[in-house]
Amino acid sequence: MVNNVVIRENIEQHMSELKDWLNETAYVELEEMGDFFTRRINDYEEHMAIWSRAYQRFAQVLPSNVKSILDLGCGTGLELDEIWKKNPNIEVAGVDLCQSMLDKLREKHIDKKIKVICEDYFQYDFGTEKWDAVISFESFHHFLPKQKKVLYDKIYQSLKKGGLFILGDYIACCEEEERLLQEIYFQKRKKSGIPEDRFVHFDIPFTLEHELSVMREAGFDKITHVESMDGATIIVVEK
Ligand SMILES: C[S@@+](CC[C@H](N)C(=O)[O-])C[C@H]1O[C@@H](n2cnc3c(N)ncnc32)[C@H](O)[C@@H]1O
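Plus 1006 on top of the position in the sequence shown (first one is 1) and you've got my numbering.
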């Protein structure tokens, strides 16, 4: 199943457009993660509309018997909008380090069962065998392999047996894309003198093989679903 997944229809064209964009933005300095999203809060949802099909699919792959979920990097809750349409009673804990994103989520869903937590998910305690499902959409592609391993270990521990981790994220179409973006990420961090412990907004996606290998290292050896659309890939793994 994993072998048949097409991450990008036209890899050559995608890489050429990516390189053009990297050249055009070569002078642009990195922004700190929370500041990046706060500055763009008014246009954020419109910008993310390119993934409306992926948000709908993401909600569809979440089984309807799931009662409680932890959403990591929930932002304004675009994935939750779709999940609540399907299951309005689901209980959600949403973690995000950006208060302005969480304020918008709250405004949209005052009637829903949600606990919003303004915290860095590397620091937040996910608990042990607590959740039916842990989800994350378009947030983890900002982190390096060793950081993702920490997250996947925490997610594995926090899921009930048989629980699901559902990731919707930017996946690199080839090793060249993964390598190129990481090179530029390190160059930009160095140029701006950003300390190692600061989170910045820059995309450093892994290839599908790399992403799944980190999940396996954390204990997720049952991959139940992978599909890709409009540049977003949905991966479902079971504990
Ligand atoms: C592109 S947005 C995605 C938001 C939402 N999941 C969606 O698809 O609309 C990425 C979100 O991840 C959050 N984020 C990034 N790093 C984080 C961290 N270490 N801890 C908590 N939230 C983080 C950002 O603040 C931002 O709201």
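Using N, Cα and C, we set each Cβ at its ideal position, and we do this for glycine too.
Bear in mind the structure is a predicted one, so any value in this text is a computation, not a measurement.
For this session: Put F1192 into one of helix, strand or coil per three-state DSSP.
Result: helix
Exercise. Any heavy atom of ligand 1 closer than 6 Å to the CB of F1212?
Worked result: no
Exercise. When we look at the beta-carbon of R1045 and count the other beta-carbons within 10 Å, is it buried (16 or more) or exposed?
Worked result: exposed
Exercise. With distances taken from CA atoms, which of E1023, N1016 and E1037 is nearest S1198?
Worked result: E1037
Problem set entry | Those residues which DSSP pairs with I1056 across a bridge | None, per the DSSP bridge assignment.
Exercise. What are the residues that DSSP puts in a beta bridge with K1228?
Worked result: E1244
Exercise. Beta carbon of E1202: closer than 6 Å to some heavy atom of ligand 1?
Worked result: For ligand 1, no non-hydrogen atom lies closer than 6 Å to the CB of E1202.
For this session: Please confirm whether any heavy atom of ligand 1 lies closer than 6 Å to the CB of C1104.
Result: Under cutoff, so the answer is yes.
Exercise. Given 8 Å as the limit, is there contact between the stretch 1010-1023 and the stretch 1071-1078, that is, 3 or more CB pairs closer than that?
Worked result: no
For this session: Please list, in chain order, all residues of the same chain as M1221 whose beta carbon is under 6 Å from its beta carbon, the five residues on each side excluded.
Result: Contacts found: Y1158 and V1243.
Problem set entry | For S1022, the first and last residue of its enclosing alpha helix (DSSP H) | Counting along the chain, S1022 sits inside the alpha helix (DSSP H) bounded by residues I1017 to E1030.
For this session: Pull up the distance between the alpha-carbon of N1029 and that of E1183, whole angstroms please.
Result: Taking the straight line joining both Cα atoms gives about 14 Å.
Problem set entry | Neighbour flag for C1179 against chain C, beta carbons, 7 Å | Within the model displayed, chain C is absent; a lone protein chain is all it includes.
For this session: Kindly list the residues whose CB is nearer than 6 Å to the CB of I1047, restricted to its own chain and excluding five residues on each side of it in sequence; keep chain order.
Result: S1106
For this session: Identify every residue that forms a DSSP beta bridge with D1175.
Result: T1239
Exercise. Is G1079 near ligand 1, in the sense that its beta carbon is under 6 Å from a heavy atom of that ligand?
Worked result: yes
For this session: Could you tell me which residues DSSP puts in a beta bridge with G1100?
Result: According to DSSP, G1100 bridges with D1077 and V1122.
For this session: For W1090, count neighbouring Cβ atoms within 10 angstroms of its own Cβ and tell me buried if that reaches 16, exposed if not.
Result: buried
Problem set entry | Three-state class that DSSP yields for L1218 in the structure shown | helix
For this session: Determine the contact status of D1236 and W1027, defining contact as a CB-CB distance below 7 Å.
Result: no
Problem set entry | Per-residue DSSP class, three states only, for F1143 | strand
For this session: Leaving out five residues on either side along the sequence, give the residues of the same chain with a beta carbon under 6 Å from the beta carbon of Q1188.
Result: I1210.
Exercise. So what's S1070 in DSSP terms, helix, strand or just coil?
Worked result: DSSP places S1070 in coil when its eight states are reduced to three.
Problem set entry | Distance CB(G1169)-CB(A1139) smaller than 7 Å | yes
Exercise. To the nearest angstrom, how far is it from the Cα of H1147 to the Cα of D1175?
Worked result: 7 Å
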